[in-house]
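Each protein sequence line maps, in turn, to chains A and B. As numbered in my numbering, residues 1 to 559 make up the first sequence, in order. As numbered in my numbering, residues 1001 to 1559 make up the second sequence, in order. From the three backbone atoms N, C-alpha and C, an ideal C-beta is built for every residue, glycine too. Owing to the predicted nature of the structure, the values given are computational and were not obtained by experimental measurement. Everything below concerns the one structure shown next.
Number of protein chains: 2
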Amino acid sequence: MSRRAAARLVRRLGPLVVEAPAARGMSDTQYGCANHTVNSRRRFHWIPSPQHPQYRRRTMGTYDAEHSANKASEVHKRTFGTAATHIQRNPAYSELNSDDVSYFKSILGENGVVQDEDRLAVANVDWMGKYRGASQLLLLPKSTTEVSKILSYCNSRRLAVVPQGGNTGLVGGSVPVYDEVIVSLAGMDKIISFDNVNGILTCEAGCVLENLSAFVENEGFIMPLDLGAKGSCHIGGNISTNAGGLRFIRYGSLHGNVLGLEVVLANGTVLDMLTTLRKDNTGYDLKHLFIGSEGSLGVVTGISVLTPAKLPSTNVAFLSCNDYISCQKLLLAARRNLGEILSAFEFMDDHCIDLAMRHLEGVQNPLPASPYKFYVLIETTGSDESYDKAKLEAFLLRSMEDGLVADGVIAQDISQASNFWRIREGISEASVKVGAVYKYDLSIPVEKLYDIVEEMRCRVGDNAEVLGYGHLGDGNLHLNILSSKYDDNILAQIEPFVYEWTSAQRGSISAEHGLGLMKAEKIHYSKSPEAVQLMASIKKLLDPNSILNPYKVLPQSVL
Amino acid sequence: MSRRAAARLVRRLGPLVVEAPAARGMSDTQYGCANHTVNSRRRFHWIPSPQHPQYRRRTMGTYDAEHSANKASEVHKRTFGTAATHIQRNPAYSELNSDDVSYFKSILGENGVVQDEDRLAVANVDWMGKYRGASQLLLLPKSTTEVSKILSYCNSRRLAVVPQGGNTGLVGGSVPVYDEVIVSLAGMDKIISFDNVNGILTCEAGCVLENLSAFVENEGFIMPLDLGAKGSCHIGGNISTNAGGLRFIRYGSLHGNVLGLEVVLANGTVLDMLTTLRKDNTGYDLKHLFIGSEGSLGVVTGISVLTPAKLPSTNVAFLSCNDYISCQKLLLAARRNLGEILSAFEFMDDHCIDLAMRHLEGVQNPLPASPYKFYVLIETTGSDESYDKAKLEAFLLRSMEDGLVADGVIAQDISQASNFWRIREGISEASVKVGAVYKYDLSIPVEKLYDIVEEMRCRVGDNAEVLGYGHLGDGNLHLNILSSKYDDNILAQIEPFVYEWTSAQRGSISAEHGLGLMKAEKIHYSKSPEAVQLMASIKKLLDPNSILNPYKVLPQSVL
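Here it is, written out as structure tokens:
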């Protein structure tokens, strides 16, 4: 393509400042495992406050006729979605009695002990409606001391516990499997301090991510993570599941951003590691054990986190590439040339674009005449609007001249930028409109990331449509297989092949969603027997009675 | 200050591309605890290869008359520098016998089993000459399998082991205390792979950091860490000590940059976690246990690490501020305005500058007429030379107009930039020329970071000179107290006050050096009893016979 043609295609169209994530809609973090079409508004405020006037209507509307959930005796062996996990209730756990309830009331007060059927029904099910427990008790501690007393008591009584944040998880990790006591952190939602020189936020675990974002943005900083579920998810849940999300490529993992934690162990011991230091090499850095262990080693009650400075300029480009190797080369070039301002590098194949255009209302194809096979969305975030835009344009011109980019456009305003993001973020939403969708969230070395999509197309043939898209910059593929209805024959073509293939590439069968209940028994596809054994030893060390979030994360056979 | 005056002071003087770290000389990571003036060349190549023709001359030159070190029977209770640590040899450990040596020769060959007095003398002492052990055996495995066989055997025989990398540590962590077997990783120095799309390096633990830097720079990337000791230190040692260094403010902690590890546990189990994935949420992220645990939980044998793209443009400015609050405000403004290109923010007080000018040869004061109290060095690294420089200049002009910066200059060439860095990095070198220097490496919340310097001045009065400098951007203070000779009365004014004061601020008594032998018994100043107890439980779980790096990291009382 000539420089002139390239210049024509890359339109520079006036000033643009986009608060990108807020404009984006849902992320795959949120939709990842949904096998059902859900009301998109629900996902943002899943557990309504009991004080909320719409509480009863919403919960009843969602879960009418589900009241049997409050009777533990009705719990039987169940099938969990396509995962087909069969787990027996562990008889070592006690069953809740009235003395237990009285004790909890003595430490939490009447308002902190919830036995109401409707409220329990909400807390017993995940937002997808895929995993449903039968807890008879929801506890709402207001302090770390109360959490400590709850766990100490449950440990001595061998009452199993499921810690619950915003309950926006996708793998059944945040709801009971049987009659576990639900300990919600929703009542612990205070910001403790903010260091506005270093951008260090300290807060309680029940703070909603969106509220924290608003708070720190007002101080000139941003949270280092952003999720589609931010309106509901708790920072404590984000930490406990090591949430990835939209800012990962720029700001990296929570293991790098979390500075301190306060955690209550299974026996009630409060582990105060809530420092606000960027550097601290005194002994083992224990906090990392609790980042991503899905509440199975302790309950996170307090967090200090490093927040980056908020930068004023965001630009978004939508591009097409002729082949996957060009996408890879473009990623390399973007890292090199956009360097410090690159904030997103997402890719989609042509099946995704076709699907989005068919099923997403109000979305326009930014490159309507393009018969290309791959599409890439690049976002930059920096401190200088005109410079950043010029830099992005120069990069795109070079990439076109080098043949990496076939066609492309830079958003001229917030509306266009939102449209670009809507296509990328709307793929999940569009895919569930087809009928059945088998969804996988895989980490795979970038050079092999698209191979599984093509192999899967060969396997399923005309029986299903295969989409490949995701966070290319993070090596994170979302593989979706669509058919008109769920069909065991199709599933047999997919599993266990998808796990075996990923394992053979030394990939991860859960890039950012965790294992929860859904994939606890599949951990061996991504971790060695020695590693799983050590995890089990650590679980036994920290939670010898195994009261914390049972049946999840690790296979039952090693515990 | 008027805009015109400010413009005059900020000189813009032609193109500048600096490969900054290589030009900087030593970091405090290296000098931190040195109480002796050392040959600056020695620190870069501490353990010469046995094949090196100069080996014998160098080691003899360094340690002549130290041959008694090879007799375990001569080991007695000793005093370790100012730390005054008295530790008895643990009688639970076996003593080495000829059968042990025969076994090691059977798995490593003759060349892998070193009993030569000279070579042992080198490996028995740290680079400062402050900590000296009495090991009779140095093992040089060439593979993970060999490391596994060594540890399995030592564990069954209860032979204590000290893993050793480049032996550049500052807290006595990398040398034996008594007769521990030294397991050097120097023979495991192969690069395994490099993913030049994502910048992911996989290598063996014995690779020298400088060699890795050269390798990835040739591929267009940089290592995410850089230390003054890079010419000798091993990446395995960097991981095991969670090294901080010069790029921390920009690229953060190794907990965020290390993607995978291979570790051999005390019983010889090989823990293969050597993935190259940016995202992997399958079970507990065990690798973090081994980052910063100073070889006491396992021996790191393999590493995969994310390397950032190499950016071509570096600029360095040297500034003065009237007071500490201005330094803090300047840091905030730099984070906000330089944002994505800020790569260093170092500060020094006037005592440091005076000292550097008195004792460092060939160093010039960039602001010779300035009677200011504080000095700040700012470095930017980005992808666009002219833009980056213009951005830095604009920022400095604004900062001068706002009264944050009193005076300042931007380096016009590599020579000037090196001079600026030489002042900052030369403070440690200059301080040991005075006579005695008591050195502390503290993490303290930035707003209180300079208080300890002023309090210390009040305490020691005219008996000593107190310097404050360090990585302000990381909240990391280097506190040096200088006097003509070591004096217990001065020490009594400093300790335990410095630890108590740091503890009261919830600071860290070891920001980046680790605890090693020097501060193992002082961990309680920075960690809660519950946390220390859990560390001890994890130590016992992973190393029940406590063979790995004994007497270090954790207090003897909890093991």
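Top-ranked residue by Cα proximity to residue i, from the options
{"i": "SER1174/B", "options": "GLY1516/B, ASN1476/B, TYR1525/B, GLU1393/B", "result": "GLY1516/B"}
{"i": "HIS1478/B", "options": "VAL1446/B, TYR1486/B, ASN1463/B", "result": "VAL1446/B"}
{"i": "LYS1105/B", "options": "ALA1121/B, PRO1091/B, LEU1140/B, HIS1086/B", "result": "LEU1140/B"}
{"i": "SER253/A", "options": "GLY1220/B, LEU1306/B, ALA1243/B", "result": "LEU1306/B"}
{"i": "ILE1353/B", "options": "ARG1335/B, ARG1336/B, LYS1373/B", "result": "LYS1373/B"}
{"i": "TRP501/A", "options": "ALA160/A, SER443/A, SER546/A", "result": "SER443/A"}
{"i": "SER431/A", "options": "GLU454/A, SER483/A, LEU138/A, ARG457/A", "result": "SER483/A"}
{"i": "LYS310/A", "options": "ASP384/A, ILE410/A, SER415/A", "result": "ASP384/A"}
{"i": "GLU340/A", "options": "LEU331/A, LEU319/A, LEU185/A, GLY382/A", "result": "GLY382/A"}
{"i": "GLN1164/B", "options": "THR1145/B, LEU1108/B, ASP1116/B, GLU1294/B", "result": "GLU1294/B"}
{"i": "ARG1439/B", "options": "VAL1114/B, GLN1115/B, VAL1171/B", "result": "Looking at the sequence provided, one finds Lys at residue 1439/B rather than Arg. For the residues VAL1114/B, GLN1115/B, VAL1171/B, the minimum Cα distance to LYS1439/B belongs to VAL1171/B."}
{"i": "SER326/A", "options": "ASP349/A, SER98/A, LYS540/A", "result": "ASP349/A"}
{"i": "LEU1360/B", "options": "TYR1375/B, SER1386/B, ASN1419/B, VAL1316/B", "result": "ASN1419/B"}
{"i": "LEU332/A", "options": "ASP474/A, ALA417/A, LEU491/A, SER240/A", "result": "ASP474/A"}
{"i": "ASP100/A", "options": "THR145/A, SER156/A, SER399/A, CYS203/A", "result": "SER156/A"}
Three-way DSSP call (helix, strand, coil) for residue i in this model
{"i": "GLY302/A", "result": "strand"}
{"i": "ASN1489/B", "result": "helix"}
{"i": "GLU210/A", "result": "helix"}
{"i": "MET1060/B", "result": "Here the model assigns MET1060/B a pLDDT of 24, short of 50, so the residue's position is not dependable and the matter cannot be decided."}
{"i": "GLN1505/B", "result": "coil"}
{"i": "GLY1032/B", "result": "At GLY1032/B, the pLDDT of 28 sits below 50, so the modelled position is not reliable; the number obtained from the coordinates is stated separately. Coil."}
{"i": "PRO1308/B", "result": "coil"}
{"i": "CYS352/A", "result": "helix"}
{"i": "ARG278/A", "result": "coil"}
{"i": "GLU1095/B", "result": "coil"}
{"i": "VAL1175/B", "result": "coil"}
{"i": "SER444/A", "result": "Looking at the sequence shown, residue 444/A is not Ser but Ile. Three-state result, ILE444/A: coil."}
{"i": "GLY1245/B", "result": "coil"}
Check whether residue i and residue j have beta carbons under 9 Å apart
{"i": "SER343/A", "j": "GLU379/A", "result": "yes"}
{"i": "ASN198/A", "j": "THR275/A", "result": "no"}
{"i": "THR168/A", "j": "CYS233/A", "result": "yes"}
{"i": "PHE345/A", "j": "ALA356/A", "result": "no"}
{"i": "MET1273/B", "j": "ARG1247/B", "result": "no"}
{"i": "LYS1389/B", "j": "ASN1337/B", "result": "no"}
{"i": "CYS207/A", "j": "ILE182/A", "result": "no"}
{"i": "ASN196/A", "j": "GLY228/A", "result": "no"}
{"i": "TYR486/A", "j": "ALA406/A", "result": "no"}
{"i": "ILE1481/B", "j": "LEU1472/B", "result": "no"}
{"i": "LEU1096/B", "j": "LEU1138/B", "result": "no"}
{"i": "LEU1125/B", "j": "ARG1132/B", "result": "At residue 1125/B the sequence reads Val, which differs from the Leu that was named. For VAL1125/B and ARG1132/B, yes; Cβs fall inside 9 Å."}
{"i": "GLU465/A", "j": "VAL434/A", "result": "yes"}
{"i": "LEU449/A", "j": "LEU404/A", "result": "no"}
{"i": "SER546/A", "j": "ALA92/A", "result": "yes"}
{"i": "ASP1179/B", "j": "GLN1115/B", "result": "no"}
{"i": "ASN476/A", "j": "GLY244/A", "result": "yes"}
{"i": "GLY1112/B", "j": "GLY1187/B", "result": "yes"}
Closer than 7 Å at the beta carbon, the chain E residues around residue i
{"i": "GLY169/A", "result": "The structure shown contains no chain E; its protein chains are A and B."}
Residue i: CB within 8 Å of a non-hydrogen atom of the ligand ZN
{"i": "GLY1514/B", "result": "In terms of ligand content, the structure shown is empty, and the ligand ZN therefore cannot be addressed."}
So does the segment 1141-1157 of chain B actually touch the segment 1258-1274 of chain B, counting three or more Cβ pairs closer than 8 Å?
yes
When you check each C-beta in the segment 1123-1146 of chain B against every C-beta of chain A, which residues fall closer than 7 Å?
none
Using a Cβ-Cβ cutoff of 9 Å, what residues of the segment 1321-1336 of chain B are near chain A? List them in chain order.
GLN1328, LYS1329, LEU1331, LEU1332, ARG1335, ARG1336
Could you name the residues of the segment 228-256 of chain A whose beta carbon sits closer than 8 Å to any beta carbon of chain B, in the order they occur along the chain?
THR241, ASN242, GLY244, PHE248, GLY252, SER253, HIS255, GLY256
Could you say if the segment 234-241 of chain A and the segment 281-299 of chain A meet the contact criterion of at least three C-beta pairs nearer than 8 Å?
yes
The segment 476-500 of chain A: positions lying closer than 8 Å to chain B by Cβ:
ASN476
Residues of the segment 1533-1552 of chain B with a CB closer than 7 Å to any CB of chain A: list them in chain order, please.
LEU1534, MET1535, SER1537, ILE1538, LEU1541
Kindly confirm or deny that the segment 1521-1532 of chain B and the segment 276-292 of chain A touch, where touching means at least three C-beta pairs closer than 8 Å.
yes
Taking any Cβ of chain A, which residues in the segment 1195-1221 of chain B have a Cβ under 8 Å from it, in chain order?
ASP1195, ASN1196, VAL1197, ASN1198, GLY1199, GLY1220
Where the segment 1267-1300 of chain B meets chain A: residues whose CB sits under 8 Å from a CB there
THR1269, VAL1270, LEU1271, ASP1272, MET1273, THR1275, THR1276, LEU1277, ARG1278, LYS1279, ASP1280, ASN1281, THR1282, GLY1283, TYR1284, ASP1285, LEU1286, HIS1288, LEU1289, ILE1291, GLY1292, SER1293, LEU1297
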